[in-house]
Each structure stands twice: as structure tokens, then as C-alpha cells.
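Residue numbers (my numbering), protein chains in the order written: chain U, 5 to 78; chain Y, 16 to 278.
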Amino acid sequence: MVETVQETICVRVNGEAKSVSAGLSIAGLLAEIEIDPKKVAVERNLDIVPRALLDEVRVEDGDTLEIVHFVGGG
Amino acid sequence: MTAQQEIRADTWTVAGRAFTSRLIIGTGKYKNFEENAAAVEASGAEIVTVAVRRVNIADPNQPILTDFIDPKAITYLPNTAGCFTADEAIRTLRLAREAGGWNLVKLEVLGEAKTLYPDMRETLRATEQLVKEGFEPMVYCVDDPVAAKQLEEAGAVAIMPLGAPIGSGLGIQNKVTIRLIVEGAKVPVLVDAGVGTASDAAVAMELGCEGVLMNTAIAEAKEPVLMARAMRAAVEAGRLAYLSGRMGQRKYADPSSPLAGLI
């Protein structure tokens, strides 16, 4: 049996460095950090990731992701 | 239509959406979400402003605003508070549109931290770009009739001049410019910022504004829920006074009781 080593990549999520499994989708990343995709918007390298594509878009090494939601404000 | 019917049907419209309440309130600076929700209820507001911020990824399951104020019942108006350039504001609103799924937004591009006065050059630039991208921006601006006209020409769906600096509670400093903006605009004009107490809101409405937007005046009152109710009454009173057409002003007294028949 060949031992498979899970490859990890480095990304920045909301300003913090994070290592995640290679090949993970954005939806997968949200699930991993327990965020409900319906309540947030995601920006990847300054481009919006439409909600419909969260399952398809893969997180790549070096990505900068912003995950935002609505908070109280004037 | 009789005057009574007219008052009952007194709605206002922004970007094709009709609202009954002319009071828009912010959701910042409250002690907690419960108080915030109670203030919204007491104010009768149908629109609340909200900010767009990073999710706390270390603890994503904290209570959030939408658990307390239902975006299906109350229109969320995402803002660009804290943005000092057009690009930052546009980026924020693209995210807001994705998070909420709506185009009606509040644009504010600040010029400096001390006064939070808007940077009108960047504000105009952002308005033009947002309109190109299909947004419907309600725009916070200086109380300058010329700048207001330029924003309207750029496609702003509402003009929202400050009455006084954000969070100052100083009341409407320049009634003349607010009136001139109202007279010149074909889109709704709402005083945004500067209201400190109920009479300030009434003044804005008496000048003919379609509505008033406020946050701190309610959130920082000792009893925010009570102040929310006061603001609701003030906005309604000011609106009714505007529709009534106030009496002329005289320099001296004019007795209300007849002089004839005086013993």
C-alpha cells in the first residue's frame, strides 16, 4: 500500500496565514472553518467569488481571501 | 384626494421601492443586538444601514446582526463607512452585493478622520463607477447644492447631505443649503448625519426632505428605545408640518383673539 501524504498549501484568510489541504474548494474551506456560505461574501485575490461558484473555485497556494458579512453600522 | 387621504397615502420611493417610514436608522454603537432590534421596532424604520466587515474566523459562530434584525422584513442598506477612496468603497459594495444580493447601497467616501467630511471628488468618481456596475447608490455628501446636482446627474438614487459632522449631534447647521438641495433635486433628499435630538429630525422634514438617516442620536441616548420612538414621532410631525404649509413669520405679535367686542 502506498502511503499518501496530504499536500497542504498556504493562504491568507481575513489577514491571517492558514494552511489548508490542496485541492480544496472555497465552499470546502468555508465548511472547514464552520462558516455558513449563505451569510457571507467571499473575495479571492480582489475578485468576488459568486456564491454559485463557491463549490467550483479551488483555493490555490498564495491566495488572499476575504470573507465578510454584515455587522452593525451607521 | 382629500388632505386626510393624502396623509394616509404618504409614501416615498427610492429606486422604485416604496416605503412608508421616512426614518432610516443605523445599527452601530448599540449596547447589544436586543437593544438594537428593539430600537428598530420602536422607530418604525423599514430600512437600516449596516457595515461590511470581516467574519471573525477564529469564532465564526458568535451571534450576528441578521439573527436579530431580519433582512427579509427590514431592508438592509449596506454602507461604505471607513472607506477613504472610491476604490475601497466600490470593493466594499461589490462584496455587500454578493453577501446580500441587492443593489440598493449607501455610498460614503470619507475625506479625513477628524471631521468625517466626505471627499466629494472620490464620492463622485465612485458614484459613476457604481452606477455603471448596476448599483443604486444613495450617496452621503456635503450640503452643497452644486455637488448634489452632480451626484444626481451621475446616477445617485438619493442625495444624502450631512446636517452636521457624523456622530456630532449638533443638528442641522445650514438650513439654507439643505433647502436649496431639496428644491433642486429630482431624487429623494435625506439628511444623513448630524441629528442629535428629535427637533433636529423635525427640522430636516420641515425643510422638505424625504427622510432622515441617523445612528448615534438613538444609539447614544440614555434610553435608545425611547429616543427611537421620539425620532419616529419627530419625523412624522416634521413631515406633516411640511405638507401643511407653515404660517408666515412676522416680526411682531398678532393677537389670536378678536379685538372686536373687547370689554
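Every residue, glycine too, gets a C-beta built ideally from N, C-alpha and C.
Check, Outcome
"Residues of the segment 15 to 31 of chain U in Cβ contact with chain Y at a cutoff of 9 Å, in chain order, please.", "Val17, Asn18, Gly19, Glu20 and Lys22"
"To the nearest angstrom, report how far apart Ala88 of chain Y and Glu61 of chain Y are at their CA atoms.", "8 Å"
"At the level of alpha carbons, what is the spacing between Ala45 of chain U and Leu69 of chain U?", "10 Å"
"Determine the DSSP secondary structure at Tyr91 of chain Y, reduced to helix, strand or coil.", "strand"
"Can you list, in chain order, the residues of its chain whose CB lies under 8 Å from that of Ala33 of chain Y, leaving out five sequence neighbours each side?", "Thr26 and Trp27"
"Any Cβ of chain U within less than 8 Å of the Cβ of Leu139 of chain Y?", "no"
"Which chain Y residues sit within Cβ distance under 7 Å of Ile52 of chain U?", "Arg109, Leu110 and Glu113"
"Along the chain, which unbroken stretches of the alpha helix (DSSP H) at least 4 residues long are found entirely within the segment 79 to 157 of chain Y?", "80 to 83, 101 to 115 and 135 to 147"
"Out of U:Gln10, U:Arg16 and U:Thr12, which one is the CA nearest neighbour of Leu50 of chain U?", "U:Arg16"
"Using the rule of at least 16 other Cβ atoms within 10 Å of the residue's Cβ for burial, across every protein chain shown, is Ile187 of chain Y buried or exposed?", "buried"
"Examine chain U for any beta-carbon lying closer than 8 Å to the beta-carbon of Thr212 of chain Y, and answer yes or no.", "no"
"My understanding is that Leu205 of chain Y touches Ala173 of chain Y, with C-beta atoms under 8 Å, so please give their C-beta distance in whole angstroms.", "6 Å"
"Does any residue of chain U have a CB that is nearer than 8 Å to the CB of Thr64 of chain Y?", "yes"
"Could you name the residues of the segment 67 to 83 of chain Y whose beta carbon sits closer than 7 Å to any beta carbon of chain U, in the order they occur along the chain?", "Val67, Arg68, Arg69, Val70, Ile72, Pro75, Asn76, Ile79, Leu80 and Thr81"
"Output the distance between the C-alpha atoms of Ala256 of chain Y and Thr100 of chain Y, rounded to the nearest integer angstrom.", "39 Å"
"Using a Cβ-Cβ distance under 8 Å, would Glu60 of chain U count as near chain Y?", "no"
"So who's on the other strand from Asp51 of chain U, going by DSSP bridges?", "U:Arg48"
"Assuming Pro180 of chain Y contacts Val157 of chain Y (C-beta within less than 8 Å), just tell me the rounded distance between them.", "Contact flag wrong, Cβ pair sits at about 11 Å."
"Asp207 of chain Y by DSSP, collapsed to three states: which one?", "strand"
"So is Ile39 of chain U in contact with chain Y if we call contact Cβ pairs under 8 Å?", "yes"
"Note down, in chain order, every chain U residue with its Cβ under 7 Å from the Cβ of Ala96 of chain Y.", "Gly77 and Gly78"
"Whole angstroms is fine: what's the gap from Gly19 of chain U's alpha carbon to Lys190 of chain Y's?", "44 Å"
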